[in-house]
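Right, one structure below, let's go through it.
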Ligand code: 5AD
Ligand code: SF4
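Residue numbers (our numbering): 907 to 1371.
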């Protein structure tokens, strides 16, 4: 009997589904939802692709390297697919996400053994596509932007989740930064209504979530119908979510500086559940480059927002994204980026070499920066950012932090958790603490994580005061 044959009970025996996810947290969320859509068809998660009945590659198109990885993975999977065929079985191969959206035709040309190609707006149609793929001779493709919202078609039931959960509230982007594929792959900005978001948040909490990260490509552009019939913006939504019993922590990502309004900044002052950590990409510290990037904000705007956030929540820690070597970026412009990093101070950050993406305005722009120069700039920036992160983590030593325990740690007797500033924390303790916020006295602030010991209540109260 193969795994796809009906079992003696008359119920289909589980089919094995392996999902490989690249890219942003939105893709992590999407992968989870795709698995949920397929569960009623009998697909259960498999940890390995070997012998799977279906493999989904949920892909990222943001930089060239990310897209190229898909093709090399497809080559590897083709061997497993052949092996499965030789054993009389079938492995359905699906490519989802932004590479599917942007390069559907190229995928089919380079990898004709792919059965399904589906863009990020179509994954509610997966069951139907799987059925079509079983009948079809060629590949089944869905990369149009459908008129309906996938959120109206996804099942309500969320699989039992972890202590931390993602919740997509907004998708797409209308900002059209010169370098970025997102407006083309994820489409126009669209926000889910507050009622649907609150209902999903309640289900997540019922399934065990204690921390929810609200997701959107431009999450702080969220605006939707509120519970009172008025249009709400993100600050108001966070207030409503924070009132849910059982939910301890809220985060949101990724934000754009020009959508940081006063209500959202005030939320950081008034809502204790809103964590004092914000990922706010700035991309460059040069006004000239920001203009060329079509970022719609200047360096001074970013500095003003950071100052306002720090006034609202003095302990707020910041993270950001940077691109070096955008067309036209001079050594002086890059120096301005280093200057901004020095002036602001980041707890953590991501930095990338500019990677031309086909179809984006910057891809054809003059003033390309030589690769070696991009490398040198990236190294210099990363050295500075690493030093800032290391200093930030070291600064936690001796403090008692409220840590949300997420589950068992890597070593025996260890548990893992996260600090308010999203640092991974390791400590000794019982796994039964998962889901609780406990006081942890930090003994070591390492470059990428913290370790500490469970502290006693009085110190905890002091830390939280
Ligand atoms: N090249 C390099 N980095 C890019 N990013 C987006 N597009 C590109 C590109 N073409 C970076 C930006 C963005 C992050 C998610 O990826 O910094 O904020
Ligand atoms: Fe891309 Fe972000 Fe710019 Fe939108 S705001 S185009 S997602 S970098």
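Note that beta-carbon positions come from the ideal geometry of N, C-alpha and C, so glycine has one too.
Just tell me which of 1355, 1227, 1047 has its CA closest to the CA of residue 1159. 1227
Secondary structure of residue 945, DSSP reduced to three states: helix
Quick check on residue 1104: does DSSP put it in helix, strand or coil? helix
DSSP puts residue 1077 in a beta bridge; with which residues? 1096
Below 8 Å on the Cβ atoms is my guess for residue 1185 versus residue 1161; work out the distance and round it to an integer in Å. 7 Å
Please confirm if residue 1281 has its CB atom under 7 Å from at least one CB of chain C. Judged by its chain identifiers, the structure shown contains no chain C, having just a single protein chain.
Of the listed residues 945, 1287, 993, 948, nearest to residue 956 (C-alpha basis): 993
Looking only at its chain, what residues have a beta carbon closer than 6 Å to the beta carbon of residue 1091, apart from the 5 residues adjacent to it on each side? 967, 1004, 1007, 1008
Would you mind giving the Cβ-Cβ distance between residue 1194 and residue 1239, rounded to the nearest angstrom? I have them listed as a contact below 8 Å. 6 Å
Use the C-beta contact count for residue 1359: other C-beta atoms within 10 angstroms, 16 or more gives buried, fewer gives exposed. exposed
Would you say the beta carbon of residue 1081 is closer than 6 Å to some non-hydrogen atom of the ligand SF4? yes
I want to check one thing, is the minimum distance from the CB of residue 1264 to the heavy atoms of the ligand 5AD below 6 Å? no
Counterpart residues of residue 1357 in DSSP-defined beta bridges: 1332, 1350
Distance cut-off 6 Å: residue 966 Cβ against heavy atoms of the ligand SF4: no
If you run the structure through DSSP and keep just helix, strand and coil, what is residue 1235? coil
C-alpha distance - residue 1002 paired with residue 1045, whole-angstrom precision: 13 Å
On a Cα-Cα basis, can you pick out the residue from 1153, 1253, 940, 1181 that is closest to residue 1355? 1253
Entirely enclosed beta strand (DSSP E) segments - the stretch 1279-1314, minimum 3 residues: 1306-1314
For residue 1182, count neighbouring C-beta atoms within 10 Å of its own C-beta (all shown protein chains included) and say buried if the count is 16 or more, exposed if not. buried
Heavy atom of the ligand SF4 less than 6 Å from the Cβ of residue 1086, yes or no? yes
Counting along the chain, where does the beta strand (DSSP E) carrying residue 1229 start and finish? 1223-1230
Meets three-Cβ-pair contact criterion under 8 Å: the stretch 1289-1301 and the stretch 1260-1279: no
Supposed contact pair residue 1022 and residue 963 - C-beta distance, whole angstroms, cut 8 Å: Not confirmed; about 10 Å, so no contact.
Out of 1216, 1242, 1143, 1052, which has the shortest C-alpha to C-alpha gap to residue 1189? 1242
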